[in-house]
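Encoded as structure tokens, the structure appears first; notes follow it.
There are 4 protein chains.
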Amino acid sequence: MEREHRIDIRVRYQETDGQGRVHHANYFTYFEMGRVEMLRAAGYDYGVLEDEGILLVVHKIECQYFLGAKYDDILTLVTKLKRITHARCEHEYEVLRGEELVAKGASTLACVDRSGQVRRMPEWMVLDD
Amino acid sequence: MEREHRIDIRVRYQETDGQGRVHHANYFTYFEMGRVEMLRAAGYDYGVLEDEGILLVVHKIECQYFLGAKYDDILTLVTKLKRITHARCEHEYEVLRGEELVAKGASTLACVDRSGQVRRMPEWMVLDD
Amino acid sequence: MEREHRIDIRVRYQETDGQGRVHHANYFTYFEMGRVEMLRAAGYDYGVLEDEGILLVVHKIECQYFLGAKYDDILTLVTKLKRITHARCEHEYEVLRGEELVAKGASTLACVDRSGQVRRMPEWMVLDD
Amino acid sequence: MEREHRIDIRVRYQETDGQGRVHHANYFTYFEMGRVEMLRAAGYDYGVLEDEGILLVVHKIECQYFLGAKYDDILTLVTKLKRITHARCEHEYEVLRGEELVAKGASTLACVDRSGQVRRMPEWMVLDD
């Protein structure tokens, strides 16, 4: 799996709020898109993983904001895979508008089964730092 | 089941968009809240219905807008149950801010099972016009 | 301006709900994306229109659902411009998954200024049926 | 201003995702509701602040998740005001379902004017640790 993946995201009108900027909660949706597309680029389909009972759930997530993104901006999301242990999967994120850093974030995901019980990350996903 | 139910909804910041008004798509979320609370007032819990394999899905929905609602407005949603046949369930909605009509809508719901197959509405739900 | 425009939309995880399908309210966000991209294809930028005091607001919108779309589906949205008068702008929509019709909709937009007062649609936008 | 404020939030159907749990990004919307209601309990209206050119923007926010909340759950959000300096405003959050800890979070807000320029927090808002 590549360690870094880039996608472009065009800001939707609904993603802005009364301040005319992207509402801060929407960056977490962008991060999720980044993880999914990174997985797809590596040949995996997150929907298929779920069908196989491998549900990734967010354990911890954070974001720091530097600039306000506006409607119709094209943002570049850089998703970085830091490591995957049997227990956790760690990503970092950068949101850029051209050369400008709009936001950066980090997340830790855990693996659960359909009933919500924590399970080990599948062996093939484990990836050292 | 009563034929009309009222709830108050306070507009969340995230529900506004760059025009400083509630984004039009959010009214459909309000309508859904109205249906759920009307059901609850009649002693039914929609989550329990789903557990029993009775999934209500929107077949057709519409909304007409007269005024823009703003952040922090308290809106009154009036949900009206028009009728429930074996095939369909029809509601109408009015969104008010004090005496002013902000929006009105209508929906038709169908009943499906977990696999998405259409099924008859449960007998106890049927309600003539 | 072309009368029909197509875009592909990949369903985001957050757009699904507890039924595992795209929540019905999200189709209205898709329709908005379709209108914006149709405008862009014609050389207009909706953000610039707003900067010039031309705000398009939804007056009436509706959607009918035929199939449930799932996470990661690639949907094709066909946006059709029916006509633009001095008072109104009418669109129709079809959401397809391959050859299957998932949903169809229609909307009527009005034009307002920054203060929310209705104004005439700009002359250059008027387009007969 | 009180240092701790509680509100109850009923989970909306649209807030759940395909895993049947509240999508993690929605907790940030809950936190925002908590901040607004804490401010209101102290006699301030965030909308009025914005009208006066005092816009609070999220500089950094994080959340850690312990349990999945489901549709129709009644969650108790405890918002804690840690301190307000001339530059920053810090909150912590706990989301409970009965006695169970569902999630906890923290945020740092900054103050900007309408043009997005950072400005000092108004004197009356400053509150030591």
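One line per chain: the protein sequences are Z, C, R and H, in this order.
Residue numbers for the first sequence follow the numbering used here, beginning at 9 and rising by one.
Residue numbers for the second sequence follow the numbering used here, beginning at 9 and rising by one.
Residue numbers for the third sequence follow the numbering used here, beginning at 9 and rising by one.
Residue numbers for the fourth sequence follow the numbering used here, beginning at 9 and rising by one.
Don't be surprised by glycine CBs; every beta carbon is placed ideally from N, CA and C.
May I have the straight-line CA-CA distance separating residue i from residue j, to the nearest angstrom?
i	j	result
Val44/C	Leu135/R	42 Å
Lys112/C	Arg122/C	31 Å
Glu58/C	Tyr21/H	12 Å
Asp53/H	Met46/R	40 Å
Trp99/R	Leu64/R	Just to set this straight, residue 99/R is His in the shown sequence, not Trp. Cα to Cα, the separation comes out at about 13 Å.
Thr84/H	Ile17/H	6 Å
Trp139/Z	Val19/R	This structure leaves residue 139/Z out entirely; chain Z is present only between 9 and 137.
Glu10/C	Asn34/R	29 Å
Arg128/R	Met41/H	38 Å
Glu12/R	Phe36/H	38 Å
Ile62/Z	Val126/Z	10 Å
Glu70/R	Arg91/H	47 Å
Ile82/C	Tyr101/C	16 Å
Val103/R	Val56/H	41 Å
Arg48/C	Glu108/Z	49 Å
Relative to the C-alpha of residue i, which residue among the options is closest?
i	options	result
Thr93/Z	Lys112/Z, Cys119/Z, Ile69/Z	Cys119/Z
Lys68/H	Met133/H, Thr84/H, Cys97/H, Leu89/H	Cys97/H
Tyr38/C	Arg14/C, Gly51/C, Asp53/C	Arg14/C
Ser115/R	Glu107/R, Arg127/R, Arg128/R, Lys88/R	Lys88/R
Val30/C	Ala50/C, Gln125/C, Val110/C, Leu117/C	Val110/C
Pro130/Z	Glu60/Z, Glu108/Z, Leu104/Z, Val103/Z	Glu60/Z
Leu117/Z	Ala95/Z, Gly55/Z, Val103/Z, Val56/Z	Ala95/Z
Tell me which residue opens and which closes the beta strand (DSSP E) that residue i is part of.
i	result
Gly5/Z	The displayed coordinates of chain Z run from 9 to 137. Any statement about residue 5/Z would go beyond what the structure contains.
Arg14/Z	12-18
Thr116/Z	108-120
Lys88/Z	82-92
Leu135/Z	From DSSP, Leu135/Z is part of no beta strand (DSSP E); its letter is neither H nor E.
His67/H	63-73
Tyr21/R	It is not in any beta strand (DSSP E) - Tyr21/R carries neither H nor E in the DSSP assignment.
Tyr101/R	97-105
If contacts are defined as beta-carbon pairs under 8 Å, then residue i and residue j qualify, I think. What distance do you get, rounded to the angstrom?
i	j	result
Thr24/Z	Tyr73/Z	Not really, about 14 Å apart at Cβ, beyond 8 Å.
His32/Z	Val66/H	4 Å
Gly76/C	Gly124/R	6 Å
Gly28/R	Gly26/H	5 Å
Ends of the alpha helix (DSSP H) at residue i?
i	result
Glu40/H	34-49
Looking at the ligand HEM, does it come within less than 6 Å of residue i, judged from the CB to the closest heavy atom?
i	result
Arg96/R	The model depicted lacks the ligand HEM and carries no ligand whatsoever.
Could you list the residues in the region 29-56 of chain C with a C-beta less than 8 Å from some C-beta on chain H, going in chain order? Thr37, Glu40, Met41, Val44, Asp53, Tyr54, Gly55
Against chain Z: residues of the region 65-91 of chain H by CB proximity under 9 Å: Val65, Val66, His67, Lys68, Ile69, Glu70, Cys71, Gln72, Tyr73, Phe74, Leu75, Gly76
Could you name the residues of the region 95-120 of chain H whose beta carbon sits closer than 7 Å to any beta carbon of chain Z, in the order they occur along the chain? none
Report the residues of the region 13-25 of chain C with a CB closer than 9 Å to any CB of chain Z, ordered along the chain. Tyr21, Gln22, Glu23, Thr24, Asp25
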